[in-house]
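Enquirer: Here you go, one structure.
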Amino acid sequence: MTLKPFSIADALDWALQQLAQSESPALDARVLLAFCLSKPDSYLYTWPEKLLSETEQTCFSQLIARRATGEPVAHITQVREFWSLPLRVSPATLIPRPDTEILVEHALQLSLPKRDEFGVLDLGTGTGAIALALASEWPQVPVIGVDLKVDAVELAQSNGQALGISNATFRQGSWFEPVAGQQFSLIVSNPPYIDEQDHHLEQGDVRFEPRSALVAKDKGMADLALIARQAPTYLIEQGYLVMEHGYDQGKAVRTLLAEQGYSDIQTVTDYGGNERITLGKWS
Ligand code: GLN
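First residue of the sequence shown: 13, per the numbering used here; consecutive thereafter.
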């Protein structure tokens, strides 16, 4: 079949119609077209009149059809940038979110005791996003990422290797289990925190992400509570726990940390102005 000549601008216009259901049709179309052309996004602005080859048209129409079914852009391109690090993603893990960069930003500002000696633990590391971001900023600090899923551990390991980050290592197991007997100056986590009844689970990218990375018992609080209760055993004196949580869980997480005896408890808001990260010092 011969396809009729189709320019970059035509292709983007056409895709906008196809992606009417997406929250970000224009962005999705640009990312997917740039991917089919193996060019940066800026190329599309510079050459709107350039005609696509048949192979490029076929690639684009196939990817737009996948996106139109709701499949996340990051699953189609298999990459998502986090903290300026291009990370491979897969359906085995959560897709890294920009809001989680706020956790990294705040962790980097903490005054951590004996950081280079005791290092950092990232629980439920997924793609390795938080662990690799911190390891890239602190090349002398040992960082351990833990995940229950073997697929996630392998993905995080390969992301670390691809980025040449050698101070982050990854282990398989449930929460603190693989680091029994060890202590850290910082523990970070973006655990599952969505209530299983939450209607957001039927919308957007989360439909394609593993439930195990999203949903927790007790209205989404179960894993946050487990981590807050067990972290003191694994933190050195004056070490910090920093966790991401749902927009409506800030108060519950502050209460949880206060009950456990953490001090300097603070909540930080995300780009949408929602309470998203809470941290406490163990002393
Ligand atoms: N922030 C994600 C969302 O609401 C959920 C991440 C998580 O459960 N840890 O889509």
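Ideal Cβ placement from N, Cα and C applies to all residues, glycine included.
All values derive from a computational prediction rather than experimental measurement.
Are the CB atoms of residue 49 and residue 40 within a distance shorter than 8 Å?
Expert: Residue 40 sits at position 28 when you count from the first residue of the sequence shown. Residue 49 sits at position 37 when you count from the first residue of the sequence shown. Not in contact: residue 40 and residue 49 (Cβ atoms no closer than 8 Å).
Enquirer: Is it right to say residue 159 is buried, meaning 16 or more other beta carbons lie within 10 angstroms of its own, or is it exposed?
Expert: Position 147 of the sequence shown, counted from the start, is the residue given in the question as residue 159. Buried, because 16 or more other Cβ atoms sit within 10 Å of the Cβ of residue 159.
Enquirer: Look at residue 18 and residue 63 and say whether their C-beta atoms are less than 8 Å apart.
Expert: Mapped onto the sequence shown, residue 18 falls at position 6. Mapped onto the sequence shown, residue 63 falls at position 51. Against a cut-off of 8 Å, the Cβ pair of residue 63 and residue 18 comes out as a contact.
Enquirer: Figure out for me which residue from 82, 44, 107, 233 has the closest Cα to the Cα of residue 94.
Expert: Within the sequence shown, the letter at position 82 stands for residue 94. Considering only alpha carbons, the answer is 107.
Enquirer: The alpha helix (DSSP H) with residue 166 in it runs from where to where?
Expert: What you label residue 166 is simply residue 154 of the sequence shown in a count that begins at 1. Here the alpha helix (DSSP H) through residue 166 covers 162-175.
Enquirer: Suppose contacts are defined by Cβ-Cβ distances below 8 Å. Is residue 203 in contact with residue 239 by that definition?
Expert: Translated into the one-based positions of the sequence shown, residue 203 becomes position 191. Translated into the one-based positions of the sequence shown, residue 239 becomes position 227. Yes, Cβ-Cβ distance for residue 203 and residue 239 is below 8 Å.
Enquirer: Assign residue 246 to one of two classes, buried (16 or more other C-beta atoms within 10 Å of its C-beta) or exposed (fewer than that).
Expert: Mapped onto the sequence shown, residue 246 falls at position 234. Answer is buried; the Cβ neighbour count reaches 16.
Enquirer: Any idea which residues DSSP pairs residue 44 with across the strands?
Expert: Along the sequence shown, read from residue 1 onward, the residue named residue 44 stands at position 32. For residue 44, which the question treats as bridged, DSSP gives no partner whatsoever.
Enquirer: Using the Cα positions of residue 74 and residue 141, report the straight-line distance between them to the nearest angstrom.
Expert: Working through the sequence shown from its first residue, we reach residue 74 at position 62. Working through the sequence shown from its first residue, we reach residue 141 at position 129. Their Cα atoms are separated by approximately 29 Å.
Enquirer: Indicate whether at least one CB of chain B lies closer than 8 Å to the CB of residue 21.
Expert: Looking at the structure shown, chain B is missing, and only one protein chain is on hand.
Enquirer: If you measure from the CB of residue 92, is any heavy atom of the ligand GLN nearer than 7 Å?
Expert: Within the sequence shown, residue 92 is the residue found at index 80, counting from 1. No, Cβ of residue 92 sits at least 7 Å from all heavy atoms of the ligand GLN.
Enquirer: Do residue 259 and residue 219 come within 8 Å of each other at the CB atom, strictly closer than that value?
Expert: Your numbering for residue 219 matches position 207 in the sequence shown. Your numbering for residue 259 matches position 247 in the sequence shown. Their beta carbons are not under 8 Å apart, which means residue 219 does not touch residue 259 by this criterion.
Enquirer: Helix, strand or coil for residue 123, going by three-state DSSP, please let me know.
Expert: As a working note, residue 123 is residue 111 in the sequence shown. Of the three classes helix, strand and coil, the one that applies to residue 123 here is coil, per DSSP.
Enquirer: For residue 97 versus residue 144, is the C-beta spacing smaller than 8 Å?
Expert: The count along the sequence shown starts at 1 and reaches residue 97 at position 85. The count along the sequence shown starts at 1 and reaches residue 144 at position 132. Yes, Cβ-Cβ distance for residue 97 and residue 144 is below 8 Å.
Enquirer: Would you tell me roughly how many angstroms separate the C-alpha atoms of residue 153 and residue 290, rounded to the nearest one?
Expert: For this step, residue 153 is matched to residue 141 along the sequence shown. For this step, residue 290 is matched to residue 278 along the sequence shown. Each residue's Cα considered, the two are about 22 Å apart.
Enquirer: So for residue 105, helix, strand or coil by DSSP?
Expert: Counting from one through the sequence shown, the residue named residue 105 turns up at place 93. The answer is coil: DSSP assigns residue 105 none of H, G, I, E or B.
Enquirer: By Cβ distance, which residues of its chain are closer than 8 Å to residue 43, with the 5 residues on each side in sequence left out?
Expert: Position 31 of the sequence shown, counting from 1, holds the residue named residue 43. Closer than 8 Å at the Cβ level, and outside the excluded window around residue 43, lie 53, 85, 89.
Enquirer: Sort out for me which residues DSSP pairs residue 233 with in a bridge.
Expert: Translated into the one-based positions of the sequence shown, residue 233 becomes position 221. Paired residue(s): none; residue 233 is not in a bridge.
Enquirer: Buried or exposed, going by whether 16 or more other CB atoms sit within 10 Å of the CB of residue 33?
Expert: On the sequence shown, position 21 is the one that residue 33 refers to. Exposed: under 16 other Cβ atoms inside 10 Å.
Enquirer: Are the CB atoms of residue 164 and residue 137 nearer to each other than 8 Å?
Expert: Numbered from 1 along the sequence shown, position 152 holds the residue referred to as residue 164. Numbered from 1 along the sequence shown, position 125 holds the residue referred to as residue 137. Cβ distance < 8 Å, so residue 164 and residue 137 count as in contact.
Enquirer: Please state the DSSP three-state secondary structure of residue 279.
Expert: Position 267 of the sequence shown holds residue 279. Correct three-state label for residue 279: strand.
Enquirer: Helix or strand or just coil, what does DSSP make of residue 29?
Expert: Position 17 of the sequence shown, counted from the first residue, corresponds to residue 29. It is helical.
Enquirer: Does the ligand GLN have a heavy atom nearer than 7 Å to the CB of residue 206?
Expert: Here residue 206 refers to the residue found at position 194 of the sequence shown. Flag set: Cβ of residue 206 near the ligand GLN.
Enquirer: What number of angstroms, rounded off, separates the C-alpha of residue 269 from the C-alpha of residue 221?
Expert: Walking along the sequence shown from the start, residue 269 turns up at place 257. Walking along the sequence shown from the start, residue 221 turns up at place 209. Cα to Cα, residue 269 sits roughly 29 Å from residue 221.
Enquirer: Cα separation between residue 236 and residue 27?
Expert: For this step, residue 236 is matched to residue 224 along the sequence shown. For this step, residue 27 is matched to residue 15 along the sequence shown. Going by the C-alpha atoms only, they are around 40 Å apart.
Enquirer: Per DSSP, residue 16 forms a beta bridge with which residues?
Expert: Your numbering for residue 16 matches position 4 in the sequence shown. Partner(s): none; residue 16 has no beta bridge.
Enquirer: Rounded to a whole number of angstroms, what is the C-alpha to C-alpha distance between residue 284 and residue 114?
Expert: Looking up residue 284 in the sequence shown gives position 272. Looking up residue 114 in the sequence shown gives position 102. C-alpha separation (whole angstroms): 12 Å.
Enquirer: Going by DSSP in three states, residue 180 sits in which element: helix, strand or coil?
Expert: Start at 1 with the first residue of the sequence shown, and residue 180 comes out as number 168. Here residue 180 sits in strand by DSSP.
Enquirer: Please report the distance separating the alpha-carbon of residue 80 from that of residue 187.
Expert: If you number the sequence shown from 1, residue 80 lands on position 68. If you number the sequence shown from 1, residue 187 lands on position 175. Approximately 36 Å between the Cα atoms of the pair.
Enquirer: Give me, in chain order, the residues of the same chain whose beta-carbon lies closer than 8 Å to that of residue 22; leave out the 5 immediate sequence neighbours on both sides.
Expert: As a working note, residue 22 is residue 10 in the sequence shown. Excluding sequence neighbours, residue 22 sits near nothing in its chain.
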